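For what it's worth, the UniProt record's numbering labels the leading residue of the sequence shown as 1, then goes sequentially.
Just so you know, even glycine gets a beta-carbon here, dropped at the ideal spot from N, CA and C.
What you are looking at is a predicted structure, and each value in this text was computed from that prediction instead of being measured.
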Amino acid sequence: MSLHATEVADHLGNNLIRYRVRPSWRSVLFGNSVITVRTKKKRRGWRLGQALLSLVLLVSICALYLLFVHDRRQVFTTRASSTARRHRLREPNQPQDPPPILEPLPILPIRGDPFDAEDFEIVPRENVTIVLPVDTGSYAHLPSLLAPFFIAANRPGELIVAAPPSLLDDVLVVVKATLLTLRDANVPLRVLAWQDDLSARVGWLHVAAKSTKDYVVILDEKGSHDISPEILASLLSPKALPYPVGPRGASFSPTNISCTEHTYDTYAPVAFLVPPLVVPTSLLQELEGAIRMNDFRVWFSLGERTARLTGQAFGGLAHTPFSTLASPTSHAPEWCSRAKEQVLEPGTNNNLNPRQIVFDRYRAFQMKQEGHKPDLPIGIILANVEELTAFAFTICRMASRGRAIRIYLYDEPSYPHGARAASLGGCHLHYDVREKETATIDQLQSWLSRNCISPSVVLHTIRHADETLLLGLVRIYTTSSASTIIWLPFQDLPVSGWIAELSTEELQSWNIPHIELSVITNNRPASLRRLLSSLQKASYYGDQPILSINLEETADAETLREAQNIKWPGAGAQLRHRVVRGGLLPAVVEAWYPFTNDTYGVLLEDDVEVSPMFYAWLKFTILRYRYGPDRAESSRLFGVSLYQAKHIELKPEGRHPFNAQILFTNSSMRYPHSPYLSQVPCSWGAVFFPEHWREFHQYLSLRLSPRGQDLGIDIVPNIRSNKWANSWKRYFIEMTYLRGYVMLYPNYDHFVSLSTNHLEPGEHARYVPERILTKKKAQFQVPLMGHTESDYGVHLLDLPQGTLPSWHDLPVLDLWGNIASLDLLTWRGAYRHEEVTECSRLLSLDEPSTYNADELLCLHDDDHDDEEEEEAEIEEEDMLGLDAE
């Protein structure tokens, strides 16, 4: 007889239970199961009992199987619903893995379509000044250089001979002799010398700015000898254009410099022009005021200033009435070689250096939109030339950025004509002085109304001792259209170059943010003394930030004395002392709370030391990203770090050495020294933003509640901070991960930072042997940036293109130090939020944060549901009562 067998699968364990049939058995079917019963009558009762037992066991197994299938269907339905929710979350622009690497910043070619000059009228020759420069090699040829301009067809409205001071007397003799030989010498002619401290070409511009006509033609030492009659005629009768125009221009591209010598009756935009050129006198007076003399050559600087002042992406218009094109790859004319010298570094064999700041700075023109109106002038009121010298670098940097600058020295000796000039800070500056013995409010108001037409910002150093003048300045601006008055102390003027990088909009917000300093200390008096000393040595640029010193309940008497003896300007320091020891978590979290959304908190533990430039870094970054054009897009920025990270501390396996510049270099980023965004909060010196800190307080309250502690799952997966039970950073990291928040970090060479940590024993750093402590300090301590420069020669403006990058140009790192993007971080947090919470509302991927921690954990949702059920029961009872009535 053949064997019969049946198998029943246990889905809980996938174990197979087999019942085999002996040859003498007869098969009997019970439903879909096969049970065999022996046919012999011998010991039938025992066999029947065994069969019944098997039947009961089989029925039990089947019941368990059906129950399991039912539960599985419910689980599948729930998972399907959850998958549908998650699928909706994935749809909007799910980031790719790996995250994208930031593209290098482009170089903008300074070229463009021809400028339409058809509607501009011709300027008559009588309204044009010719400036003829001479030097030791050309002044002897003055008769032949002057002769063409005494011909009736070429006679200008004015002729100026520009001479160096050392040749002035000799040039006057030659000019007088030349005039005696000319038949018709009725052209107004002047011989002017430039200042001793000016270079020759800057001196030409200085002299040309004294023109009495509306337009001025600037020649070089050769006069009109290398200019064709047609070009000379076009210069003497130019179109009334508001830009420099000439036959010789240079244009940039990412690979070469093109020298343009012809455009045939069109006006081609170029980066800059070289003489001969014609320029409106009013524009030249604006341009000449701060031409760079050191780091950039004169004609390039003139073009750059033109572009910035006019809001155009060109520094001049190339125009000639005939066709000649000089290619840089062919035999270029002499003037073209000189033009290339304006921007090429020596020894580059006429190859562009792609990192050269000359080309990087032109990238800013991409931000100039069509119809852009130049910024209103900035008024600068200083006491004397000493203050002007101290502030000259900042003023020159402002002017090179296209700002119109007006300078008034209220305590400088009077001058007959009220206007003077000086070469300071690498540029040529014009300034006004008082016209009487004593500066008065009326003089100041007259100067402001005459030279600063509705200035947007006024920077001044008027001391509080000059109360009358100071109150007068305030009175003037309370009744005018100026929005911002900025007072700068004298000692901060030499280290204020970063102020020149602020836009008008950012400068107008100067007085809005209020930065408060909060120090956390316990029983380390020497550490507290060092920190407070570093705070006192810092520059605050006229601000008086509030200082709060928070002492733990266990603070010793010496620490308390150090806190009480601090001399702090303004209202002085505030002391807070705990009555119950709380530990580091409440000590940090409760050390500061924002009053408004313009209040910012700097948290400093006592083993931290700050740089003298720390406040400049904070003010610079806050004004740029909180009040500048990127403020609407930077809502996820929760703070700014003073410390430059040397380690990644959040990987599960432990700390790893970290160097952002090496990471960015290996990722082919154009600016490896760019500041960057990271999700990691810094506890060794940082400023925190008000909205995010309030949300953190709310989030921490929820997480430390009984229900928040019973979540039973890590909010952030695979991260070391999950083991930090008593650290505030653990919970802040959770919030930043769920929200996709980031902090801005500095990234200077040699890890130069705005704060450092001395890694002294304390709440989280227990005592260790001196040998080990010294080794650990070397791993974490960083050099501090000094007022002028650190030991490594690093300055605050050692940034990409000398300024803070725009928001979208900042590299982004996640909690583990990997390159990411803001979209990716936001998506990760929203995805994880859905996995670990029971929130019915998904976090938005596109909208700004609501700063409401309730929507992160939704611990109050169940309470809300219970309230709704109670309300529904009450309504039902009321309805039943009405029916009964």
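In the DSSP assignment, no residue is bridged to S60. Judged by DSSP in its simplified three-state form, L642 adopts coil rather than helix or strand.
Counting C-beta pairs with one atom in each stretch, the region 503 to 512 and the region 621 to 636 have three or more that are closer than 8 Å, which means they touch. For the set L528, R529 and R739, the Cα lying nearest the Cα of E855 is the one of R739.
Taking the CA atoms as reference points, L531 sits about 59 Å from A268. If you draw a straight line from the Cα of I160 to the Cα of A209, it comes to about 11 Å. Remark: C-beta atoms of P681 and F732 approach each other more closely than 8 Å. Beta-bridge partners of P133 (DSSP): A162.
Under the three-state reduction of DSSP output, A209 falls in the coil class, being neither helix nor strand.
When DSSP assignments are scanned along the region 658 to 719, the uninterrupted stretches of beta strand (DSSP E) that are 3 or more residues long and fall wholly within it turn out to be 676 to 678 and 686 to 688. In the same chain as V519, and ignoring 5 residues on each side of it, the C-beta atoms closer than 6 Å to its own belong to I549 and L604, in chain order. According to DSSP, K651 shares a beta bridge with no other residue. Secondary structure of W510 (DSSP, three-state): coil. For Q285, no beta strand (DSSP E) segment is defined; the enclosing uninterrupted segment is the alpha helix (DSSP H) at T281 to L287. Non-local beta-carbon contacts of Q285 in its own chain, meaning distances under 7 Å to residues more than five positions away in sequence, involve A209 in chain order.
Residues of the same chain with a CB within less than 6 Å of the CB of I566, apart from the 5 flanking positions on each side, are L532 and A573 in chain order. Bounds of the beta strand (DSSP E) holding V602 are T599 to E605. Here K729 carries a helix assignment [DSSP, helix/strand/coil].
Cβ contact annotation for A778 (same chain, cutoff 8 Å, sequence separation greater than five): none. With at least 16 other beta carbons inside 10 angstroms of its own, N757 counts as buried.
CA-to-CA, the gap between L773 and R841 works out to about 49 Å. According to DSSP, residue pairing for I772 in a beta bridge does not occur. L168 and L142 have their alpha carbons spaced roughly 13 Å apart. If you check the CB distance, P612 and G786 come in under 8 Å. In this structure S674 is in contact with L810, their Cβ atoms being roughly 7 Å apart against a cut-off of 8 Å. Under the 10 Å beta carbon count, G817 is surrounded by 16 or more other beta carbons and is classified as buried. Per DSSP, the beta-bridge partners of A268 are A318. Rounded to whole angstroms, L283 and P164 show a C-alpha spacing of 24 Å. According to DSSP, residue pairing for M743 in a beta bridge involves G639 and S678. The alpha-carbon separation between G249 and R305 amounts to approximately 15 Å.
Remark: C-beta atoms of Y431 and Y410 do not approach each other more closely than 8 Å. Residues Y593, P594 and Y851 of the same chain have their beta carbon placed closer than 8 Å to that of R694, with the five preceding and five following residues left out of the count.
Within a 10 Å sphere around the beta-carbon of D607 sit 16 or more other beta-carbons, which makes this residue buried.
Distance from the Cα of V123 is smallest, within the candidate group A233, T136, E412 and P672, for A233. Under the DSSP assignment, S755 falls in the beta strand (DSSP E) whose first and last residues are S755 to N757.
Per DSSP, reduced to three states, the secondary structure at L845 is coil, with no helix or strand assignment.
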